[in-house]
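Heads up: the sequence lines are chains A and B, in that order.
So the first sequence is numbered by the numbering used here: it starts at 2 and just counts up by one.
So the second sequence is numbered by the numbering used here: it starts at -15 and just counts up by one.
For every residue, glycine included, the Cβ atom is placed at its ideal position computed from N, Cα and C.
Here's the structure we're looking at; comments come further down.
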Amino acid sequence: MIRLTINNQEVEVPEGTNLLTAIERCGLRVPTLCYHKALTPYGACRLCVVEVHAPGRAPTVQASCSYPALEGISVFTDTERVRRARKITAELLLARCPDSEVIQRIAAEYGVHEPRIKKKYDDCVYCGLCVRMCQERMGRSAIGFTGRGPRKKLEPPFGKHNPMCWTCGACDFICPVGKKVRSLTSPNIPIPILNPYNMGLNERPAVSIYYPQAIPNKPAIDPQGCVHLKYNACGICDVVCEAKAIRYDQKDETIQLNVGAVILSPGYDIFEPKANNDLGYGRYPNVITSLQFERILSPSGPYGGMVLRPSDLQPPKRIAFIQCVGSRDYERDYCSAVCCMYATKEAIIAKEHAGEDLQCDIFFMDIRAFSKGFEAYYETARKLGVNYIRCRVPKVEEVPETKNLRITYLTDDDRKVSKEYDLVVLSVGMQPPRSVRQIAETFGVRLNQFGFCETSVFSPVETGREGIYVAGPFTEPKDIPETVSQASAAAAKVMALLGEARGSLIAPTVYPPEIDVRGQEPRVGVFVCHCGTNIASVVNVPAVVEYARTLPGVVYAENNLYTCSNDSLERIKQKIKEYGLNRVVVASCTPRTHEALFRSAVRAAGLNPYYFEMANIREHCSWVHSHEPEKATEKAKDLVRMAVAKVKLNDPLYPRPLKVCHDALVIGGGLAGMTAALALADQGFTVHLVEKEAQLGGYLRRMYYLLSGEDPQAALRRLIATVTAHPNIRVYTNAKLVEVKGSLGNFESKIAVGGNGMTQEIRHGVIIVATGAETYRPTEFLYGQDDRVMLHQELEERIAANGFKAKSVAFIQCVGSRNKERPYCSRTCCSETIKHALKLKELDPDAQVYVLYREMRTYGFRETYYTKARKLGVAFIRYADDRPPTVVNHNGKLSVIVRDETLGETIQLLVDHVILAAATIPRDENKELAQLLKIPLSEDKFFLEAHRKLRPLDFATDGIFLCGNAHSPLDIEEVISQALGAAARAATILSKDTIELEPTISHVVTENCDGCAYCVDPCPFKAITLVEYQVNGETKKRVEVNEAICKGCGTCMATCPKKAIYVWHFRPEQLLAEVRAALGLAV
Amino acid sequence: MSEKQFEPLIITFCCYWCAYAGADLAGTSRIQYPPNIRIIRVQCTGMIHPNFVIEALTNGADGVLICGCHPGDCHYLEGNLRAKARAEAIELMLEDFGLEPERFRLEWVSASEAQRFAQVVTEMVEQVRRLGPSPYRMAV
């Protein structure tokens, strides 16, 4: 090892290290243009000069890149002499290449803004990086210098394109001034590696992190684009990576796993629209898929979230969305279920990003806004000016001069209109994954006619092969909430199968006993990370360490090359012991990725893990201020000072263990409640199933046949028999929940049973709400006045009892749905109508069946039956939203008068029966139950889940779950998925003996609290209650926090006028200490 | 460079679930913004007592920026909406303290909006730079 000093700091480096490397290792920076770690030093630019003091010799100025680190020398990187030398060099370089931003920036650092000598406007600084790159790393020597002195020139041999050139583009990449070197050596253009995450809309390097949130968040090498893997050249990433993490020899491995069950969730692929050549995808640059447009709208997308079109990167002013591309066609007779809403969403977001003037036209067949909250969203889109045009677009033509696109279509009133757009987005449908055949063969599962995995209505996550379950769009095109529910459902099935093995592979971490340091003066240790060069190339790390040592309370500080490496973690533990540290600060990256790691190291050394803080000097400093090293260093010092100020005030905190009662309460004994109860009981938990009526079954008791042909009554009988016979299920009929106390893990409830005043008390750990919904009783269309006007279920009961005969029937859709009073879609009625229409046609093929509809919402595979109904001659008549049909008694026949929007004429139908597709409506009792359980209702008065997309079955209140029609109108398959899913969610709690709750929750300071209760209402989790207590015979009031419910959001803390409530770890003193430290004030 | 321009110091409260992550992504994406902010991590913008903002400003901060989740995205359901309601109160308080309303700003930044975070910070720094140092800065 060689020992030398750099700016009076002692350094040890291996022999053969050049000075520049030694300087960088100290966290210092010198400017350079011609140095690259992976290439032989060249000493060409002379910017990296430093002053070298060798013992017994006069100081000299040397280029640090090509001067070796020698024993005993002293190096100074920033003396007056050095600065003068660099200033002259920078001025000369600026005169040569005045347009180079890199040189301008370096020159400006030395105070040169205008060179005093004549500008040459050259595009080459003769640094030789490209020449060395091509020769040393690529082994090609396709480019070199010719001539000498003023005639020196960068060119390939004989000045001609060189066949040795691979067109790898490394020369262009490494050129500091942006010269187009590659064009000198090759007529070819490097083939870009298109970024698949951004759907090929931009490029990515041959080694990259797949996308910003990728897990694991580590880069990988693309073997197709890597010059090293292809030609055994380059290898620069290996030299540059300080952590020595590059492994070129890694190969795909085959791993054998022994598992008890398999869940198949391979997702879907989008329809490849090149197959439909008339829409111009792949031919016209401005025809893109909806997924490409999704990426364009994304802030992490190819254009940083700006709405631009690919051909010229200009903002489009008119966008057309074409629906049903690859859905609802001859070959794919199914609806992809998500496209209407994603197109609507994309149109709204595009308008948000680009301004309201952006014209968004959506060409559609039916707008299928059938899910919870979707109809309201569709209305919002219309109000925001998104135009919906009912037409299946046959063709898109390009205007060659502008690359704009022309769509010709027929309007509702049969006029031919031609419109020009700047961008066309194809709403591509969902297809089975391309590997579907292989998956099916490997796992022995059946596929349906479209290639999706076949399941049945009453077992939506089972494949027919035991132990193999399925979830997501692999079974049918579906949206996020349905996918999430189904995934939980599959988990429930697996847990029933493998319940006994639960937790058997978990090895608990064992820590030493914790040292009590309360009452001790803070002794803070600060560890500042170089992160290789990620931090140290910008922030002067040694200076930050020096500064940290001066902070009050800091007894130890050091720098580490990688603080997160195993040896550094060991050092932290060792230093805690050596210096008796009782607080630790790590200044490195973001706590979001590394806090848990450091906390566990601190805990392993015997300290409470909350005696730890991070200063984020990478993501929030070196990476975002890379051109301002001095300011970044100052900021890093501030961030360390803030972290030290806070950590001194930190408290030891402990996760709160909460004992869990393993029983469940399920409210509602319909399909949802019974399915959920059975799923939990099968996992070994005791379930209390409460049904308000005298018998189990709910709405399903009124269903006699299904679209798919299965027998619902047989399935229901089986289910009821299994539930009532199950040893783990207690069924309470004629029962009602009247009182609930407690919270997550420990509820105590009273159930009134039998309606005779008798109540029963039960203890349980979770609650599942499965109370179902009701059917709207219409007052319109003569319902209730004329027996021939019926609801779906009345028709179904009549048919089941062989008591229905009719020659002509008219169905009226959206009765009580999608109106002012109930602005939501009831989702199931279109498919129910199709079911009955097909049944009527089956009973009597000559029967006249009319369906009066606004949009047919037969999503997913229900579309196939819609097609079948049309083929069988069912007449579909579309009426306008504001022109509902009328029904009158006309000489003994029912007369239905409706304006047919497709024909543009008003017609009269004389029919035997009118069947109303009445809305599914929330129960009146929902309000009462919502108050009892302190859970919210949506605007439509169904229960409101924690998150529409990602937590469809959870309430925001922990320990309470939701499924079935109480959530929103659903069909049988969806109800079962949700019920199984809710059971799986509940089992995440029931399966534990204790739950560890986050300690960072609210705490009441009793002395300060006067019971004003300002904090009670704002608490989003209803975790705060006002209580009375006695002090010296006096009754006082204060608030109390339910620790099992509190999430630590701190809304209470910001509401409190008396500083009487705070969140642990974010106490006002701690936050204000950070503020004061940031401002440089004494803390 | 002729005259050294005024460099404001801006205390920035970021909620941990959205804005803090957005600021992290700005780092990972190497998006550059002025080094004038000091980020303080909070669980939710809903936990920021108006007094924190006022104390920061009266202790010499030139500006205070609060960044939280977009409406509807709050990890704690509606903390950000509470913050929004309080922001209006804070603006009134600023007047009482003789501070310009432009010294305070509440913005929504999602975890994926790195560009937006950088833009918000850049705008805020420029905005406060134009106002000049906080009147309380000299006093402290």
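C-alpha gap between B:I(-6) and B:Q111, whole angstroms: Distance between the alpha carbons of B:I(-6) and B:Q111: 11 Å.
Contact with chain B by A:G1051, beta-carbon distance below 8 Å: yes
Residue closest to A:R952, alpha-carbon to alpha-carbon, out of A:Q521, A:G982, A:C49: Nearest in C-alpha terms to A:R952, of all of A:Q521, A:G982, A:C49, is A:G982.
Top-ranked residue by Cα proximity to A:Q67, from A:D79, A:K894, A:L40: In the sequence under discussion, the amino acid at residue 67 of chain A is Ser, which differs from the Gln named in the question. For the residues A:D79, A:K894, A:L40, the minimum Cα distance to A:S67 belongs to A:L40.
Which listed residue (A:L672, A:H689, A:R764) has its alpha carbon closest to that of A:R719: A:L672
Partner residues on chain A for B:L9, Cβ-Cβ distance less than 9 Å: P213, Q214, P300, S301, E620
Contact list for B:C28 against chain A, beta-carbon separation under 8 Å: C1050, G1051, T1052
Inter-stretch contact (C-beta, 8 Å, three-pair minimum) for the stretch 2 to 17 of chain B and the stretch 619 to 626 of chain A: yes
Own chain, CB closer than 7 Å to A:S992, minus 5 neighbours either side, in chain order: Taken in chain order, the residues that qualify are R503.
Three-state class that DSSP yields for A:T290 in the structure shown: strand
Rounded separation between A:F962 and A:A987 - CA only: 7 Å
Residue from A:P553, A:S601, A:L48, A:Y548 whose Cα sits closest to the Cα of A:C565: In terms of Cα proximity to A:C565, the closest of A:P553, A:S601, A:L48, A:Y548 is A:S601.
Length of the line joining the Cα atoms of B:S(-14) and A:G150: In this predicted model, B:S(-14) has a pLDDT of only 40, less than 50, meaning its place in the structure is not dependable; the value taken from the coordinates is given anyway. Straight-line Cα distance between these residues: approximately 38 Å.
Host alpha helix (DSSP H) of B:F101 (start-end): Counting along the chain, the unbroken alpha helix (DSSP H) around B:F101 starts and ends at 98 to 115.
Nearest-angstrom beta carbon gap, A:G473 and A:S266 [assumed within contact, 8 Å]: 4 Å
Among A:I577, A:A605, A:G533, the one whose alpha carbon lies nearest that of A:C590: A:G533
Beta-carbon contacts of A:S486 that lie in its chain and below 7 Å, excluding the five residues immediately before and after: P953, L954, S978, Q979, G982
Contact between the stretch 111 to 119 of chain A and the stretch 83 to 92 of chain A (3+ Cβ pairs under 8 Å): The stretch 111 to 119 of chain A, when compared against the stretch 83 to 92 of chain A, does touch it at the 8 Å Cβ threshold.
Inter-residue CB distance, A:C1053 and A:P1019 (contact presumed, cutoff 8 Å): 7 Å
A:A1055 at chain B interface by Cβ criterion, 8 Å: yes
Reference A:R466; option with closest CA among A:A678, A:Y611, A:V691, A:K494: A:K494
Alpha-carbon to alpha-carbon, A:E455 and A:T834: 24 Å
Below-8 Å beta-carbon distance, B:I23 vs any chain A residue: yes
Interface residues of chain A facing B:F36 [CB-CB closer than 9 Å]: A1055, P1069, L1072, L1073, V1076
Chain B contact for A:D639 (CB, 8 Å cutoff): Taking a beta-carbon distance threshold of 8 Å, A:D639 counts as an interface residue toward chain B.
Segment limits, alpha helix (DSSP H) that includes A:K231: 228 to 232
First through last residue of the alpha helix (DSSP H) which encompasses A:M643: Segment 630 to 649, the alpha helix (DSSP H) holding A:M643.
Neighbour-count burial assignment, A:Q293, 16 or more Cβ in a 10 Å radius: buried
Partners in chain B for A:R30, counting only beta-carbon separations shorter than 8 Å: Result: empty, since nearest Cβ-Cβ is about 16 Å, beyond 8 Å.
Simplified DSSP state of A:E398, which is helix, strand or coil: Here A:E398 sits in strand by DSSP.
Neighbour list for A:N627 in chain B, Cβ cutoff strictly below 8 Å: Residue identity check: residue 627 of chain A is Ser in the sequence provided, not Asn. Those are R14, Q16, listed as they occur along chain B.
Cα-Cα separation between A:K161 and B:P19, rounded to whole angstroms: 48 Å
Chain-ordered chain A contacts of B:H54 [CB-CB under 7 Å]: Within chain A, no residue comes near B:H54; the closest Cβ sits about 11 Å away, beyond 7 Å.
Own chain partners of B:Y4 with C-beta closer than 6 Å, once the 5 adjacent residues on each side are dropped: If the five residues before and after B:Y4 are omitted, its C-beta is found closer than 6 Å to the C-beta atoms of C(-2), R25, all from its own chain and listed in chain order.
Contact under 8 Å by Cβ, B:L49 with B:E91: yes
Nearest to A:E357 (by Cα), restricted to the options A:D334, A:F364, A:Y343, A:R383: A:R383
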